[in-house]
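Colleague: In the numbering used here, the protein residues as written are 27 to 90.
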Amino acid sequence: MEGDSCDLAVRIDGVGYFVDGTGLDDHGDAHAADGFCNAIRQAKVVGEVIDGRFVVESFELVQN
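#1: The beta strand (DSSP E) that contains S84, what's its start and end?
#2: For the beta strand (DSSP E) containing R37, name the first residue and the last one.
#3: Assuming the contact rule is C-beta atoms closer than 8 angstroms, L87 and A69 should be a hit. Round their C-beta distance to whole Å, please.
#4: Based on Cα-Cα distance, which residue from V45, D77 and D60 lies nearest to L34?
#5: Over the uninterrupted beta strand (DSSP E) stretch that includes E28, give me the two end residues.
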């Protein structure tokens with residue numbers, strides 16, 4: 027996946043999708059050591075792929 031900034035994305039079955047419906051800072055400080063701009067995190071997600079983007083219904087981070 028290519029992007030020119032910090033963008034929230036998910037990987038499902040090895041395919042990456044940018045996310046619509048929630049944002050980086052909705053889940054803590056994106057630029058913290060464990061934030062989305064600096065670390066890959068696992069999450070339980072519900073939604074669907076529409077026009078090549080993942081439209082989220084729910085997004086819950088899995089604690090390490």
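Each residue gets a CB set at the ideal place from its N, CA and C atoms; glycine is no exception.
Modeller: In short, the structure shows the following:
#1: Looking up residue 84 in the sequence shown gives position 58. Start and end: R79 to L87.
#2: Here residue 37 is taken as the residue at index 11 of the sequence shown, counted from 1. Start and end: A35 to I38.
#3: Counted from its first residue, the sequence shown places residue 87 at position 61. Counted from its first residue, the sequence shown places residue 69 at position 43. Sure, about 5 angstroms apart at Cβ, within 8 angstroms.
#4: Translated into the one-based positions of the sequence shown, residue 34 becomes position 8. The candidate whose alpha carbon is nearest that of L34 is V45.
#5: Taking the sequence shown and counting its residues from 1, one reaches residue 28 at position 2. Premise fails: E28 is in no beta strand (DSSP E) and is neither H nor E.
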